[in-house]
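Residue numbers (my numbering), protein chains in the order written: chain A, 8 to 376; chain B, 12 to 77; chain C, 211 to 465.
Idealized CB from N, CA, C, for every residue including glycine.
To start, the structure under review is shown below, and the notes come after it.
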Amino acid sequence: MNFYSKILNLQNFDFNTFFKNVTKSQIFKILEKNRIDENDFLALLSPVAEDYLEDMAQKSKILTQNNFGKTISLYTPLYLSNYCKNRCVYCGFNTESKQLRKQLSFDDVYKEASIISSTGLKHILILTGDSREKSSVQYIKKCIEILKEFFDSIAIEIYALETDEYKELNDAGADSLTIYQETYNESLYKDLHLKGPKRDYEYRINAPERGAVAGMHSINIAALLGLDDFRRDAFFTGIHADYLQQKYPAVEIGISMPRIRPVDGGFKPLHNVSDRNLLQFITAFRIFMPRCGITISTRENEKLRDNLLPLGVTKMSAGSTTTVGGHSDSEDESKQFEISDKRSVSDMMSAIKSFGYQPVFKDWEQLNL
Amino acid sequence: MEIIVNGSSENLNKSCSIYDYITNKGLTPEKIVIEHNYNIIPMDKYKTTILNDNDKIEVLNFVGGG
Amino acid sequence: MNDFLEIGNIKLKSRLFTGSGKYSDDSIIPDVLESSGSQVITVALRRVDFNANENVMTHIPKDTVLLPNTSGARNSEEAIRIARLARSAGCGDWIKIEVIPDNRYLMPDGYETVKATEVLANEGFIVLPYINPDLIIGKQLHSAGAAAVMPLGSPIGSNRGFRTEEIVRIMIEEIDLPIIVDAGIGKPSDATKAMEMGAAACLVNTAIAVADNPVLMGRAFGNAVKSGRDGFLAGIGAQNTNASASSPLTGFLDE
């Protein structure tokens, strides 16, 4: 069984009726449990549970501190290329967009890496668009080999690969895989991904599992919040994480909670996801999976990130740019999306410390023996 | 002839079947388990399995246990 | 309410397994089975004592499910050999694997237990392995084909109660097999605690066998297991263990 077959059984699940039947005493009881199941998790995502957000936050904070201590891991994204064959209506890199297309040369990669590593960061996330012609697995592999000299952990956020391709990149030094499903709603997915290889929902949804099979040390998944009703996609992200963690107990599973940001082309979110909604997702997920990582990126603003910091988050990006070459050149118009928290790495470090937390640059290094 | 029963040697006057051996000892065939030269002997083979010189047998039964 | 424990195609109404060892007189066993409601009893295989001619089987009612153990086995080969011998007695396919290379504390060997389980499950045995509470061994036993997993509550015969509850709780949550708490359960309340937590059954021998009144103690354990099970099924109510809020964490949402 793979996750696609699991989610097929849930495609017709009646969320509205489920939410209507959630009671306050049920939420109260769930919050007293040591461990909650999928139904409990969904109940914590219900509108009724919003009244218990303070209790959820208290519990989430304790669980996070017990499992991760008072630490926040830092990383930054490095965009290698924005060539893309997909037409994802919400993305600035989509193939129809008039953006300037760029791909870093190996010298550029070296240059960007030197600049990023001078900030002290040890974990990096590399990104490309979806173009096997322009950004081949071999190109990405070469980039990983360059970056290995600078960084202890390299995560990839690229187009979906085959298992043996993931293995090849893992062997080259990429220890983590980030791949977002964007939305778990299959028909909506087809409406939003009009063209390109990414249109294959099933291939995409099983990609994290292929990464786990290939030996990735950590896997990070997400839905892009604002495409479908957040409660629905939050639930599916949670059970996807749980599915992976059950089946691959040695792999570190984490999730991100990206909300749609303004992009070139002006896509408007189909559903509003408020700060309250975001916090409900963070805390419900933390209570459901106390040991999983939660990433909040610079998509969110400074003030919100500061407030969310102790409530379940374990990982944050810093000093980010979504432009290819943006760490060395000044940013131009070719962005994937607008950054909201524009603080530098050292500003982020001071902020984290001021909350009594420790910024962590390195919490993992793969040894290829 | 000599056979080993439950780890101790025992002298028999002549070869006999397992069935004869255990009934002579006053045991009920239904309540025991026999291993003959490390092979388990089903109950319906007790009469046709003959004990020969130097054979090893284990005669077992159920006792109280947790 | 139809609450059965199904193991190897047998539906059991009672979730109390009993042992047949350590009784001062085996003839009391039928009365204990009666008073406790237990439908499963463990027995051991031993070399016949030609002088005694005692056989515990004469005291076990025909409709009781027999669970022979492999006690005496110090490795998987011996456990497999004992299991095959036990099955040849014609009393069913159930086997409690017990591989104990340690005579001081009688601790089971998880690695050898997994090996024996794999072989015997492939031969069609209904395998119930006895282990130290260990999530990873438990999962390996699941893959090896075990029908249930039996973690110890405290050392065999110690009557020290349910000391391993934190680990057993995790096993109950994570392993998709009945978890039967075996060994160390000293008092009826220990059994209730295990059942309330979601254990599928309890195996109790010493605490019943050495009680002043084993028949009455059997009844007490039968009731204790039932109470614990009912409590589990009914859904234990909330116990307010969380510290209450000191200062609100969500105030920023309203700013």
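Rounded distance between the beta-carbons of residue j and residue i, thought under 8 angstroms
i      : j      : result
L351/C : I290/C : Going by Cβ atoms, the distance from L351/C to I290/C rounds to 15 angstroms, so no, they are not a contact pair.
L52/A  : Q287/A : 7 angstroms
S327/A : P84/A  : 6 angstroms
Q47/A  : N93/A  : A small correction: the amino acid at residue 47/A is Asp; Gln does not occupy that position in the sequence shown. At roughly 36 angstroms, the Cβ-Cβ gap does not stay under 8 angstroms, so D47/A and N93/A are not in contact.
I251/C : T268/C : So it is not a contact: roughly 13 angstroms between Cβ atoms.
I310/C : A293/C : Contact flag wrong, Cβ pair sits at about 15 angstroms.
V514/C : L71/B  : Only positions 211 to 465 of chain C appear in the structure, and residue 514/C is not among them; the question remains open.
A230/A : A167/A : Their Cβ separation, rounded to whole angstroms, is 16 angstroms, which puts A230/A and A167/A out of contact at 8 angstroms.
N177/A : G222/A : 5 angstroms
H200/A : C95/A  : 5 angstroms
G168/C : S368/C : With chain C represented from 211 up to 465, any question about residue 168/C goes unanswered, as that position is not in the structure.
L195/A : G233/A : Contact doesn't hold; Cβ gap of about 12 angstroms is too wide.
Cα-Cα separation between residue i and residue j, rounded to whole angstroms
i      : j      : result
N219/C : F335/C : 12 angstroms
T451/C : K40/A  : Low confidence applies here, because T451/C scores a pLDDT of 49, under 50, leaving its location unreliable and the question unanswered by this model.
I37/A  : N227/A : 26 angstroms
V240/C : K272/C : The question names Val, but residue 240/C in the sequence shown is Pro. So the alpha carbons of these two residues sit roughly 10 angstroms apart.
I385/C : Y97/A  : 42 angstroms
M405/C : K223/C : 14 angstroms
I43/A  : I294/A : 7 angstroms
R284/C : F75/A  : 41 angstroms
E216/C : P365/C : 27 angstroms
D400/C : V242/C : 19 angstroms
A241/A : D348/A : 23 angstroms
A419/C : A262/C : 21 angstroms
T329/A : R373/C : 54 angstroms
I161/A : I341/C : 40 angstroms
E152/A : T305/A : 27 angstroms
L251/A : E307/A : 27 angstroms
E103/A : C91/A  : 9 angstroms
L315/A : I301/A : 11 angstroms
R217/A : K27/A  : 37 angstroms
E193/A : L285/A : 22 angstroms
S225/A : T416/C : 47 angstroms
S298/C : V258/A : 45 angstroms
Residue-chain proximity (residue i, chain B), Cβ-Cβ < 8 angstroms
i      : result
T374/C : no
F431/C : no
M267/C : yes
G229/C : yes
N342/C : no
N285/C : no
P278/C : yes
T323/C : no
S298/C : yes
S281/C : yes
Beta carbon proximity, residue i to chain C, threshold 8 angstroms
i      : result
E69/B  : yes
P53/B  : yes
L286/A : yes
I43/B  : yes
K36/B  : yes
R283/A : yes
N72/B  : yes
N24/B  : no
I359/A : no
E13/B  : no
N50/B  : no
N17/B  : yes
Closer than 8 angstroms to chain A by CB, residue i
i      : result
E383/C : yes
F214/C : no
F462/C : yes
L295/C : no
P458/C : yes
Q.
Could you check whether the stretch 51-59 of chain A touches the stretch 24-33 of chain A, counting it as contact only if at least three pairs of C-beta atoms, one from each stretch, sit closer than 8 angstroms?
A. yes
Q | Interface positions of the stretch 36-49 of chain A facing chain C (Cβ-Cβ less than 8 angstroms), listed along the chain | A | K36, L38, E39, N41 and R42
Q. Closer than 8 angstroms, Cβ to any Cβ of chain C: which residues of the stretch 54-76 of chain A, in chain order?
A. Those residues of the stretch 54-76 of chain A that come within reach of chain C (Cβ to Cβ, closer than 8 angstroms) are L60, E61, D62, A64, Q65, K66, K68 and I69.
(Q) Below 8 angstroms, how does it come out for the stretch 341-358 of chain A and the stretch 32-46 of chain B: are there three or more Cβ pairs, yes or no? (A) no
(Q) Along the stretch 232-263 of chain C, where does the CB come closer than 9 angstroms to a CB of chain B? Name the residues. (A) K232, Y233, D236, I239, T252, V253, A254, L255, R256, R257, V258, D259, F260 and N263
**Q.** Contact between the stretch 101-115 of chain A and the stretch 140-157 of chain A (3+ Cβ pairs under 8 angstroms)
**A.** Counting Cβ pairs under 8 angstroms, three or more are found: they touch.
Q. Along the stretch 296-330 of chain A, what residues have a CB closer than 7 angstroms to any CB found in chain C?
A. For chain C, the residues of the stretch 296-330 of chain A that bring a beta carbon within less than 7 angstroms of one of its beta carbons are N314 and L318, in chain order.
(Q) Check whether the stretch 356-376 of chain A and the stretch 52-60 of chain B touch, using three or more Cβ-Cβ pairs below 8 angstroms as the test. (A) No contact exists between the stretch 356-376 of chain A and the stretch 52-60 of chain B.
Q: Inspect the CB distances between the stretch 62-73 of chain A and the stretch 318-325 of chain A and report whether three or more fall short of 8 angstroms.
A: Yes, the stretch 62-73 of chain A is in contact with the stretch 318-325 of chain A.
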